[in-house]
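Going line by line, the protein sequences match chains G and H.
Positions 532 to 644 (the numbering used here) are the ones given, in order, by the first sequence.
Positions 73 to 187 (the numbering used here) are the ones given, in order, by the second sequence.
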Amino acid sequence: KNQVEQSPQSLIILEGKNCTLQCNYTVSPFSNLRWYKQDTGRGPVSLTIMTFSENTKSNGRYTATLDADTKQSSLHITASQLSDSASYICVVSDSTRGQNFVFGPGTRLSVLP
Amino acid sequence: GAGVSQTPSNKVTEKGKYVELRCDPISGHTALYWYRQSLGQGPEFLIYFQGTGAADDSGLPNDRFFAVRPEGSVSTLKIQRTERGDSAVYLCASSKSGQLDSPLHFGNGTRLTVT
Numbered sequence: 532k533n534q535v536e537q538s539p540q541s542l543i544i545l546e547g548k549n550c551t552l553q554c555n556y557t558v559s560p561f562s563n564l565r566w567y568k569q570d571t572g573r574g575p576v577s578l579t580i581m582t583f584s585e586n587t588k589s590n591g592r593y594t595a596t597l598d599a600d601t602k603q604s605s606l607h608i609t610a611s612q613l614s615d616s617a618s619y620i621c622v623v624s625d626s627t628r629g630q631n632f633v634f635g636p637g638t639r640l641s642v643l644p
Numbered sequence: 073g074a075g076v077s078q079t080p081s082n083k084v085t086e087k088g089k090y091v092e093l094r095c096d097p098i099s100g101h102t103a104l105y106w107y108r109q110s111l112g113q114g115p116e117f118l119i120y121f122q123g124t125g126a127a128d129d130s131g132l133p134n135d136r137f138f139a140v141r142p143e144g145s146v147s148t149l150k151i152q153r154t155e156r157g158d159s160a161v162y163l164c165a166s167s168k169s170g171q172l173d174s175p176l177h178f179g180n181g182t183r184l185t186v187t
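As structure tokens, this is what we get:
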């Protein structure tokens with residue numbers, strides 16, 4: 532069964548610090564991987580989309596990496612801000628069913644002042 | 073511009089009742105998706121429309137769940153004989169083309185509570 536796992540389940544950091552969130556997947560064959568940010572009570576918002584050939588992509592203070600060989604991705608947040616407090620969800624799609632995205636459970640990040 | 077709009081934002085219903093959840097996608101987006109999200113979990117795929125047709129409905133849990141998109145824009149998710157286990161946030165998303173690299177734009181969801 533195609534699965535997406537994320538770690539840690541939750542994370543608390545102080546404002547200004549960096550952090551890295553992990554995503555491991557077993558989806559095969561792989562098409563693309565997305566990271567989304569979901570604020571409480573809101574829908575997820577796309578941060579990055581990465582295809583098989585890409586191994587790093589940045590969006591402001593967010594940098595995503597992808598290792599398609601080991602089926603791992605990470606999301607690094609630099610100089611965290613209070614507004615970064617949210618759930619971060621890793622989403623993987625396979626190329627045979629590209630419209631059926633497999634969502635991870637998310638990592639709940641809390642940034643404290 | 074307007075994003076994906078979902079109504080109602082909250083719905084409380086009694087077990088056994090019928091409910092309809094509405095999704096207004098971004099104008100011009102041909103692809104529309106429904107997901108269900110339980111507390112502390114990621115969204116779970118339900119159904120995907122390309123235009124008016126359901127291209128993939130493999131995520132619908134049983135025949136109590138049905139969705140339509142008659143004119144290729146607004147979609148309605150219909151749940152018959154609701155059960156307490158149906159309680160969740162129902163998210164709708166749209167994308168411009170449904171291509172693999174086309175980002176999903178989500179609404180804020182409808183929180184369904186079945187009592």
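Glycine included, C-beta positions come from ideal geometry on N, C-alpha and C.
Here the structure is a predicted model, which means the values were calculated and not measured.
What in chain H is Cβ-close to residue i, meaning under 7 Å?
i	result
G:F632	F117
G:L577	According to the sequence as given, residue 577 of chain G is Ser; it is not Leu. Those are P175, L176, listed as they occur along chain H.
G:I620	G114
Who are the neighbours of residue i on chain H, taking C-beta pairs under 8 Å?
i	result
G:P644	Neighbours of G:P644 on chain H: none; closest Cβ ~25 Å, over 8 Å.
Is it buried or exposed, residue i, if we count other Cβ atoms within 10 angstroms and call 16 or more buried?
i	result
H:G125	exposed
G:F583	exposed
H:R141	buried
H:K89	exposed
H:P115	buried
G:A595	buried
I need the boundaries of the beta strand (DSSP E) containing residue i, first residue and last residue.
i	result
G:K548	No beta strand (DSSP E) contains G:K548, which DSSP labels as neither H nor E.
G:A595	593-598
H:G125	125-128
H:T85	82-85
For a contact defined as C-beta to C-beta under 7 Å, what are the partners of residue i on chain G?
i	result
H:G181	G574
Classify residue i as helix, strand or coil using the three-state DSSP reduction.
i	result
G:L613	helix
H:G179	coil
H:R141	coil
H:G75	coil
H:R108	strand
G:D625	strand
H:D135	coil
Give me the chain G residues within the contact set of residue i, using Cβ-Cβ distance strictly less than 9 Å, ordered along the chain.
i	result
H:Q113	F634, P636, G637
H:L163	G574, P575
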